[in-house]
Amino acid sequence: MAKSKANSLDALGGLVFSTNREISFSNDESEMETLTPKEQDLRVWLEKNHRGGKTASVIKGFVGKIEDLEALAKIIKNKCGTGGSAKDMEIIIQGDHRDKIVTLLQQMNYKVKKAGA
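In my numbering, the protein residues as written are 1311 to 1427.
Here it is in structure tokens:
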């Protein structure tokens, strides 16, 4: 399982280096609990940038554990009959499947909206 990248010093807990030997570093990563589908606010985007000219449907806004994100991505990939991935709290589906994804997520009681271009 890949670790998420720290985007600021605050994400490191504020302390980066110390010569004090009495300091103990605690690494208590409390994972976020996955919100229920009705509490999720998902957006489905269509992107071509940084994909070699290929189109991809990107689902953003998922809040929860990476395992639940990957499970949702697997369901969507199976229903769309295409490949994709789940990383950086986004689900990337190959091709333009926005309408099918929005319909599927609505059937699963997710709060979802088509966004972007």
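Quick reminder that beta carbons are idealized off the backbone N, C-alpha and C, glycines included.
Whole-angstrom distance between residue j and residue i, CA atom to CA atom
i: Ile1342; j: Lys1375; result: In the sequence under discussion, the amino acid at residue 1342 is Met, which differs from the Ile named in the question. So the alpha carbons of these two residues sit roughly 6 Å apart.
i: Ser1328; j: Lys1421; result: 45 Å
i: Gly1497; j: Ile1333; result: The displayed coordinates of the chain run from 1311 to 1427. Any statement about residue 1497 would go beyond what the structure contains.
i: Ile1411; j: Ala1396; result: 15 Å
i: Leu1415; j: Arg1361; result: 24 Å
i: Lys1348; j: Lys1370; result: 15 Å
i: Ala1381; j: Ala1425; result: 23 Å
i: Asp1378; j: Phe1372; result: 9 Å
Of the listed residues the options, nearest to residue i (C-alpha basis)
i: Ile1368; options: Thr1413, Gln1404, Thr1329; result: Residue 1368 is actually Val in this sequence, not Ile. It is Gln1404 whose Cα lies nearest to the Cα of Val1368.
i: Glu1400; options: Asp1351, Glu1332, Lys1364, Gly1363; result: Asp1351
i: Asn1419; options: Thr1346, Asp1378, Glu1332, Gly1371; result: Thr1346
i: Asp1406; options: Val1412, Gln1416, Ala1366; result: Ala1366
Inter-residue CB distance, residue i and residue j (contact presumed, cutoff 8 Å)
i: Ile1402; j: Gly1391; result: Not quite, the Cβ-Cβ distance comes to about 16 Å (not below 8 Å), so this is no contact.
According to DSSP, residues forming a beta bridge with residue i
i: Glu1400; result: Lys1397
Are at least three pairs of beta-carbons, each pair with one atom in the stretch 1348–1357 and one in the stretch 1383–1397, less than 8 Å apart? no
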